[in-house]
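Q: Position 180 (the sequence shown) corresponds to 179 in numbering that gives the first Met the number 0; numbering is contiguous.
Got a structure here, written out as structure tokens. Questions coming.
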Amino acid sequence: MSEYPVNESLKAWEANAKFWDDCMGDESNQFHREVVRPKVSELLNIKADDFILDIACGNGNYSAFIAEQGADVVAFDYSEKMVALAQKRQAKYSKKIEFCVIDATDEQALLSLRRAKPYTKAVSNMAIMDIADITKLFRCVNELLSQGGIFVFATQHPCFVTLTEKYLTAHSYYGIAIEGQPKEQCYYHRSLQEIFNLCFQNGFVIDGFYEESYGIKEKPDVIIVRARKV
Ligand SMILES: C[S@@+](CC[C@H](N)C(=O)[O-])C[C@H]1O[C@@H](n2cnc3c(N)ncnc32)[C@H](O)[C@@H]1O
0 MSEYPVNESL
10 KAWEANAKFW
20 DDCMGDESNQ
30 FHREVVRPKV
40 SELLNIKADD
50 FILDIACGNG
60 NYSAFIAEQG
70 ADVVAFDYSE
80 KMVALAQKRQ
90 AKYSKKIEFC
100 VIDATDEQAL
110 LSLRRAKPYT
120 KAVSNMAIMD
130 IADITKLFRC
140 VNELLSQGGI
150 FVFATQHPCF
160 VTLTEKYLTA
170 HSYYGIAIEG
180 QPKEQCYYHR
190 SLQEIFNLCF
200 QNGFVIDGFY
210 EESYGIKEKP
220 DVIIVRARKV
């Protein structure tokens, strides 16, 4: 589906890595703290004995939040600069978080995330809409999870957050996440049915779902989905 190839999107994230890390800091930004984190954390229900995969982790602020609750984390992002910044920022959690440079569109690379034990949970905050192709990701996440394991992801609401007129047809476009970022990034629009069907086709059922808004308004900015491996 992707009109913009993954290397084009990577160029943007390499250019934006330092800006993103500065904006997110240790605690992430207000949007993440108010709109994303509460429901993601409710659905993820982190336990100290969890082993969690953080997909497209950015500067690792949510990995750190997981580690603070005692769980072990493998966190990855395809931007080498972003991962270097994450390792530096989250250095105090180096025994709990393993950071890797992995492209979520590369099946072999994804399967190299297999460790001695399966992941009990996987999470992805505000990145599904940034990933050029998510078909392999959903298949591999299912494979990497333990039976009954969950994949919680938050992504922009495809019905209400877009810069184009198209809804049903998957397509990509350029936009910004944060005012002032050095380079526009590629967004990959997918309809709700495309996202949900990808869950169902890859052995998940959806057993948790929220639509969240920034501030008080009727049209939500974000969907938060819990997919459970069956
Ligand atoms: C909007 S940021 C979110 C980062 C982090 N999850 C957070 O909530 O702060 C999107 C992230 O997706 C990463 N990304 C985009 N496409 C990717 C891909 N194909 N593989 C791995 N990471 C990717 C970007 O480098 C960026 O760090």
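Virtual Cβ for every residue (Gly too), placed ideally from N, Cα, C.
Along the chain, where does the alpha helix (DSSP H) containing V5 start, and where does it finish?
A: Residue mapping note: residue 5 aligns to position 6 of the sequence shown, counting from 1. Taken as a continuous stretch (DSSP letters only), the alpha helix (DSSP H) holding V5 covers V5 to M23.
Q: For V224, which three-state DSSP category applies?
A: The sequence position of residue 224 within the sequence shown is 225, counting from 1. Here V224 sits in strand by DSSP.
Q: In angstroms with no decimal places, state the Cα-to-Cα distance between L197 and A90.
A: As a working mapping, residue 197 is identified with position 198 in the sequence shown. As a working mapping, residue 90 is identified with position 91 in the sequence shown. Taking the straight line joining both Cα atoms gives about 35 angstroms.
Q: Is there at least one non-hydrogen atom of ligand 1 closer than 7 angstroms to the beta-carbon of A176?
A: Position 177 of the sequence shown, counted from the start, is the residue given in the question as residue 176. Yes; taking the cut-off as 7 angstroms, the Cβ of A176 has a heavy atom of ligand 1 nearer than that.
Q: Straight-line CA distance for A108 to D102?
A: Counting from 1 along the sequence shown, the entry for residue 108 is found at position 109. Counting from 1 along the sequence shown, the entry for residue 102 is found at position 103. Whole-angstrom Cα-Cα distance: 7 angstroms.
Q: Using the Cβ count rule (16 or more neighbours within 10 Å means buried), how would you classify R36?
A: For the purposes of this step, residue 36 is taken as residue 37 along the sequence shown, with counting starting at 1. Buried: at least 16 other Cβ atoms inside 10 Å.
Q: Under 8 angstroms by Cβ, that's how I've got A153 and V72 pegged, so tell me the actual separation to the nearest angstrom.
A: Here residue 153 refers to the residue found at position 154 when the sequence shown is read from its first residue. Here residue 72 refers to the residue found at position 73 when the sequence shown is read from its first residue. Not confirmed; about 17 angstroms, so no contact.
Q: To the nearest angstrom, how far is the alpha carbon of E13 from that of K95?
A: If you number the sequence shown from 1, residue 13 lands on position 14. If you number the sequence shown from 1, residue 95 lands on position 96. Spanning the two alpha carbons is a distance of roughly 25 angstroms.
Q: Residues in the same chain with beta-carbon distance under 7 angstroms from A66, minus the five sequence neighbours each way, listed in chain order, please.
A: Position 67 of the sequence shown, counted from the start, is the residue given in the question as residue 66. Answer for A66: V72, Y92, K95 and I96, listed in chain order.
Q: Please say whether E211 and V34 have beta carbons closer to each other than 8 angstroms?
A: Numbered from its first residue, the sequence shown carries residue 34 at position 35. Numbered from its first residue, the sequence shown carries residue 211 at position 212. Cβ atoms of V34 and E211: closer than 8 angstroms.
Q: Of the choices E178, F203, F75 and Y213, whose alpha-carbon is the least far from that of A126?
A: If you number the sequence shown from 1, residue 126 lands on position 127. Of E178, F203, F75 and Y213, the residue nearest in Cα terms is F75.
Q: Taking G174 and L162 to be in contact with their CB atoms under 8 angstroms, please state how far apart those CB atoms are, rounded to whole angstroms.
A: One-based indexing of the sequence shown puts residue 174 at position 175. One-based indexing of the sequence shown puts residue 162 at position 163. Correct: roughly 5 angstroms between the Cβ atoms.
Q: Does the Cβ of F203 have 16 or more other Cβ atoms within 10 Å, making it buried, or fewer, making it exposed?
A: In the sequence shown, counting from the first residue as 1, residue 203 sits at position 204. With 16 or more other Cβ atoms within 10 Å, it is buried.
Q: Under a three-way DSSP split, which group does N60 fall into?
A: Within the sequence shown, residue 60 is the residue found at index 61, counting from 1. The answer is helix: DSSP assigns N60 an H, G or I state.
Q: Taking the alpha helix (DSSP H) that K91 belongs to, which residues open and close that run?
A: Here residue 91 refers to the residue found at position 92 when the sequence shown is read from its first residue. Taken as a continuous stretch (DSSP letters only), K91 belongs to no alpha helix (DSSP H), as it is neither H nor E.
Q: How many angstroms separate the CA atom of E26 from the CA atom of S62?
A: Taking the sequence shown and counting its residues from 1, one reaches residue 26 at position 27. Taking the sequence shown and counting its residues from 1, one reaches residue 62 at position 63. Each residue's alpha carbon lies about 11 angstroms from the other.
Q: Specify whether the stretch 41-58 and the stretch 116-132 touch according to this definition: at least 3 beta carbon pairs, one from each stretch, less than 8 angstroms apart.
A: Contact holds: three or more Cβ-Cβ distances are below 8 angstroms.
Q: Cβ of I173 within 7 angstroms of any heavy atom in ligand 1?
A: One-based indexing of the sequence shown puts residue 173 at position 174. For the sequence presented, residue 173 should be read as Tyr rather than Ile. No, Cβ of Y173 sits at least 7 angstroms from all heavy atoms of ligand 1.
Q: Can you find the residues in the same chain that come closer than 6 angstroms, C-beta to C-beta, to Y172, ignoring five residues on each side of it along the sequence?
A: Here residue 172 refers to the residue found at position 173 when the sequence shown is read from its first residue. Around Y172: L162, T163 and Y186.
Q: Shortest alpha-carbon distance to K165 belongs to which of L43, L136 and R189?
A: Position 166 of the sequence shown, counting from 1, holds the residue named residue 165. Of L43, L136 and R189, the residue nearest in Cα terms is R189.
Q: For D220, verify whether its CB is less than 7 angstroms away from any heavy atom of ligand 1.
A: Numbered from 1 along the sequence shown, position 221 holds the residue referred to as residue 220. Not so, every heavy atom of ligand 1 lies at least 7 angstroms from the Cβ.
Q: Just the Cα atoms here: how many angstroms apart are V82 and K17?
A: Translated into positions along the sequence shown, residue 82 becomes position 83. Translated into positions along the sequence shown, residue 17 becomes position 18. Rounded to whole angstroms, V82 and K17 show a C-alpha spacing of 11 angstroms.
Q: Suppose the cutoff is 8 angstroms on Cβ atoms and the five residues either side in sequence are ignored; what does the same chain contact list for F159 look like?
A: Mapped onto the sequence shown, residue 159 falls at position 160. If we look at F159 and ignore the five residues flanking it on each side, its Cβ neighbours are K218, P219 and D220.
Q: Work out the CA separation of D20 and I149 for me, nearest whole Å.
A: Numbered from its first residue, the sequence shown carries residue 149 at position 150. Numbered from its first residue, the sequence shown carries residue 20 at position 21. About 27 angstroms.
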